[in-house]
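In the numbering used here, the protein residues as written are 25 to 240.
A quick write-up on the structure given underneath.
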């Protein structure tokens with residue numbers, strides 16, 4: 025059976041034995057615009073400090089961001105939804121999806137301020153990595169982050185990803201300055217150990233992997 029890498033499939037966190045899923049990743053659409061705006065406007069300057077776009081000022085701005093995230097053919101953006109309450113808690117994406125090379129990237133991630141240093145980011149990453157490696161049969165998963173965003177770099181490394189290098193003057197920040205981009209990657213043979221570490225972190229209810237969830 026051929027797996028459709030571009031299918032905008034709802035993803036539910038794999039959870040832990042004896043526990044119900046807490047997070048759902050559903051394809052991001054303009055129907056999420058109002059909830060996107062509400063979550064984004066809580067400590068917006070901190071939440072969007074290292075992202076490639078500024079926080080929206082109104083529903084039209086949130087709609088424009090969502091449309092832009094959906095525009096690339098090789099990108100699948102998701103809304104991060106708290107299962108128990110239905111709360112919109114941020115966004116994340118698969119991008120640079122390449123079935124021929126069995127590779128993709130995870131990014132365009134932000135998490136609402138009230139969910140910083142919680143279980144959410146590690147659960148989200150576990151969900152996406154499970155989809156990538158176990159569901160799609162990926163060989164390689166990549167992350168990109170601003171060189172200034174040291175917390176994001178540390179969080180990505182704690183996932184088990186390996187530092188691969190720096191792309192100098194790779195992007196232009198919203199303020200017009202050049203951004204150097206740090207690249208990390210995880211390959212399939214590294215996934216079992218990373219999965220076990222993520223599950224252990226969730227069992228401890230610790231937050232070593234949850235420093236803001238900002239990447240790309």
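For each residue, glycine too, the CB sits at the ideal point set by N, CA and C.
Buried versus exposed, by CB contacts within 10 Å (16 or more), residue i
i           : result
residue 79  : buried
residue 122 : exposed
residue 42  : exposed
residue 134 : buried
residue 33  : exposed
residue 104 : buried
residue 143 : buried
residue 81  : exposed
Cβ-Cβ distance between residue i and residue j below 8 Å
i           : j           : result
residue 119 : residue 129 : yes
residue 37  : residue 147 : yes
residue 157 : residue 100 : no
residue 63  : residue 113 : yes
Close beta carbons around residue i, own chain, < 7 Å, minus the five adjacent residues each side
i           : result
residue 192 : 204
residue 132 : 93, 101, 115, 116, 117, 119, 240
residue 70  : 137
residue 107 : 45, 46, 47, 48
Under the three-state DSSP convention, the category residue i falls into
i           : result
residue 101 : strand
residue 31  : coil
residue 191 : strand
residue 168 : strand
residue 117 : strand
residue 122 : strand
residue 204 : strand
residue 39  : coil
residue 139 : helix
Cut-off 8 Å between Cβ atoms - residues of its own chain near residue i, not counting five sequence neighbours on either side
i          : result
residue 94 : 52, 53, 101
Heavy atom of the ligand MN within 7 Å of residue i beta-carbon
i           : result
residue 166 : The ligand MN is absent from the structure shown, which contains no ligands of any kind.
Own chain partners of residue i with C-beta closer than 6 Å, once the 5 adjacent residues on each side are dropped
i          : result
residue 59 : 112
(message) I want to know whether the region 183 to 190 touches the region 198 to 215 - three or more CB-CB distances under 8 Å.
(response) yes
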